[in-house]
Amino acid sequence: MTSKTTTKLRLGVRALDRLMKSTPAMSVAKMTPEQLEKAQTTVIPDGGVAALLLGRLRKGVTVRTDSFPARGGDLPLRIYTPDAWSRTPRPVVLNIHGGGFVLGSARQCDWICSTVAADLDAVVVSVDYRLAPSHKFPAAVEDCYDALLWTAAHAAALGGDPARIGVIGDSAGGNLAAVVSIMARDEHGPAIGHQALVYPATDMTDASRDDESFLGNVLGIVLSNDDIEVFREHYLSEEVDRTDFRLSPILAPDLSGLPPAVVVVAGLDPLHDSGVRYAQALADAGNDVTVEDFHQMPHGFLSFPYFSHAARPAMAAIVASQRAALY
Numbered sequence: 001m002t003s004k005t006t007t008k009l010r011l012g013v014r015a016l017d018r019l020m021k022s023t024p025a026m027s028v029a030k031m032t033p034e035q036l037e038k039a040q041t042t043v044i045p046d047g048g049v050a051a052l053l054l055g056r057l058r059k060g061v062t063v064r065t066d067s068f069p070a071r072g073g074d075l076p077l078r079i080y081t082p083d084a085w086s087r088t089p090r091p092v093v094l095n096i097h098g099g100g101f102v103l104g105s106a107r108q109c110d111w112i113c114s115t116v117a118a119d120l121d122a123v124v125v126s127v128d129y130r131l132a133p134s135h136k137f138p139a140a141v142e143d144c145y146d147a148l149l150w151t152a153a154h155a156a157a158l159g160g161d162p163a164r165i166g167v168i169g170d171s172a173g174g175n176l177a178a179v180v181s182i183m184a185r186d187e188h189g190p191a192i193g194h195q196a197l198v199y200p201a202t203d204m205t206d207a208s209r210d211d212e213s214f215l216g217n218v219l220g221i222v223l224s225n226d227d228i229e230v231f232r233e234h235y236l237s238e239e240v241d242r243t244d245f246r247l248s249p250i251l252a253p254d255l256s257g258l259p260p261a262v263v264v265v266a267g268l269d270p271l272h273d274s275g276v277r278y279a280q281a282l283a284d285a286g287n288d289v290t291v292e293d294f295h296q297m298p299h300g301f302l303s304f305p306y307f308s309h310a311a312r313p314a315m316a317a318i319v320a321s322q323r324a325a326l327y
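Mapping of the sequence shown onto full-length UniProt numbering: residues 1 to 327, in sequence order.
If you want it as structure tokens, here you go:
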């Protein structure tokens, strides 16, 4: 397992912190039920302020919307395809957005998904899975695994290669990407060739509260410890077993035979140590793993490319890892 670092806290991160803290609706721990419902149903517009905050769609990439019938009902998709003609089928990457299993949408990942599409020369399928608290665990897991099955079955029709499939997810999406990789192995599902886990939540048990990164999270940039607790309350029912690998992939009985992985972590993130521990567990099980550790970045920094100077280097590292595994 190798590790690379990027340091230097820039003004953009301070500006992002002020923005998040000045807007109560940005923090799930401060949301009223009415604000949460509004946040879940608000459609992010194209362009304008949203593009300045979340990044713009990369030039040379076309995005279209679709849907497919999953076991829990029809799920929306966003599909990103490079405009350039290709004589051979491209890799296909399934993207799973973050948001604590409670917030977020495929639309918020336009910059990330279009960057993968453009720089890897791949088709990217991004899924809008069902959100808690209306849809608690395991709804998101079922939706994302169904999206993987759909992506593999329709890869050729999308101009992709069903033999070269990757997954990428950030935060809660990183948890779900790790989980579907394990499920695909155990259920003889689609052969996943690469997993990109971006500041993933890998341990839903109380043990994660003892991580140094959790205990030392005094700044709470983007993600506070209170946010984490509220996200979990919304996603988990009281009777659920938090050691279930579909919640805590680090506790899976067997982590061998999984796809090559790149694990991106952020030093100012309460989930930092959880991600590093999962990367180490993957490596200990014999998997090929690279850790990209951006020490002075907060949780979620890839979602704010104009505020985070490390967003582009992080995406370059992800694409390089995907290329090594999928080409």
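For every residue, glycine included, the Cβ atom is placed at its ideal position computed from N, Cα and C.
Can you have a look at residue i and say buried or exposed, based on whether 16 or more other CB atoms are within 10 angstroms of its CB?
i: W85; result: exposed
i: A156; result: exposed
i: H188; result: exposed
i: T151; result: buried
i: T115; result: buried
i: A15; result: exposed
i: R164; result: buried
i: P69; result: exposed
i: A324; result: exposed
i: I318; result: buried
i: V218; result: exposed
i: G300; result: buried
i: residue 330; result: There is simply no residue 330 to check, as the chain begins at 1 and stops at 327 in what is shown.
i: P33; result: exposed
i: V291; result: buried
i: R18; result: exposed
i: D66; result: exposed
i: D284; result: exposed
i: S22; result: exposed
i: T2; result: With a pLDDT of only 47 at T2, under 50, the local geometry of the prediction cannot be trusted, and the value read off the model is given with reservation. Exposed, because fewer than 16 other Cβ atoms sit within 10 Å of the Cβ of T2.
List the whole-angstrom C-beta distance separating residue i from residue j, where the pair is believed to meet the contact cut-off of C-beta under 8 Å.
i: S126; j: H97; result: 7 Å
i: G60; j: P82; result: 6 Å
i: G173; j: P89; result: In fact, because the Cβ distance is near 25 Å, the residues do not count as touching under 8 Å.
i: L302; j: A316; result: In fact, because the Cβ distance is near 11 Å, the residues do not count as touching under 8 Å.
i: residue 328; j: D211; result: There is no way to answer for residue 328, as the model of the chain reaches only from 1 to 327.
i: L236; j: F137; result: 6 Å
i: V49; j: F231; result: Actually they are not in contact, since the Cβ atoms of V49 and F231 sit about 25 Å apart, beyond 8 Å.
i: W111; j: L52; result: With a Cβ gap of about 11 Å, W111 and L52 do not count as contacting.
i: G12; j: S308; result: 6 Å
i: A122; j: V93; result: 5 Å
i: I44; j: Q108; result: 6 Å
i: L326; j: H234; result: With 8 Å as the limit, L326 and H234 do not qualify as a contact, their Cβ atoms being about 34 Å apart.
i: A320; j: N287; result: 18 Å between Cβ atoms; not a contact.
i: N95; j: V63; result: In fact, because the Cβ distance is near 12 Å, the residues do not count as touching under 8 Å.
Residue i by DSSP, collapsed to three states: which one?
i: A178; result: helix
i: H272; result: helix
i: P298; result: strand
i: S303; result: helix
i: D170; result: strand
i: D284; result: helix
i: G104; result: coil
i: G110; result: In the sequence under discussion, the amino acid at residue 110 is Asp, which differs from the Gly named in the question. In this structure, D110 counts as helix in the three-state DSSP scheme.
i: T2; result: Low per-residue confidence applies at T2: pLDDT is 47, beneath 50, and the placement is therefore not dependable, though the value from the model is reported in the following sentence. Reduced to three states, the DSSP call for T2 is strand.
i: D161; result: strand
i: S308; result: coil
i: D17; result: helix
i: residue 331; result: It is not possible to answer for residue 331, since the shown part of the chain is limited to 1 through 327.
i: A266; result: strand
i: K8; result: Below a pLDDT of 50, predicted positions are generally treated as unreliable, and K8, at 46, falls in that range; no measurement from the model is reported.
Please report whether the beta-carbon of residue i lies at a distance below 7 Å from any beta-carbon of chain C.
i: P190; result: Given the protein chain composition of this structure (a single chain), no chain C is represented.
Run through the segment 23-99 for me and flag every whole alpha helix (DSSP H) of 4 or more residues, listed as ranges in chain order. 33-41 and 48-54
Measuring CB atoms only, is the segment 255-268 touching the segment 185-198, in the sense that at least three cross pairs come out at less than 8 Å? yes
At 3 residues or longer, and completely inside the segment 182-261: list those beta strand (DSSP E) runs for me, N to C. 192-198
I'd like to know if the segment 219-230 and the segment 246-262 are in contact, where contact means that at least 3 CB-CB pairs between them fall below 8 Å. no
Would the segment 173-191 and the segment 136-150 be scored as touching if the rule is three or more Cβ pairs under 8 Å? yes
Contact between the segment 132-141 and the segment 100-111 is defined here as three or more beta-carbon pairs at a separation below 8 Å; is this criterion met? yes
Touching by the beta-carbon criterion (3+ pairs, under 8 Å), the segment 234-254 and the segment 199-217: yes
Segments assigned alpha helix (DSSP H), at least 4 residues, entirely inside the segment 132-158: 139-154
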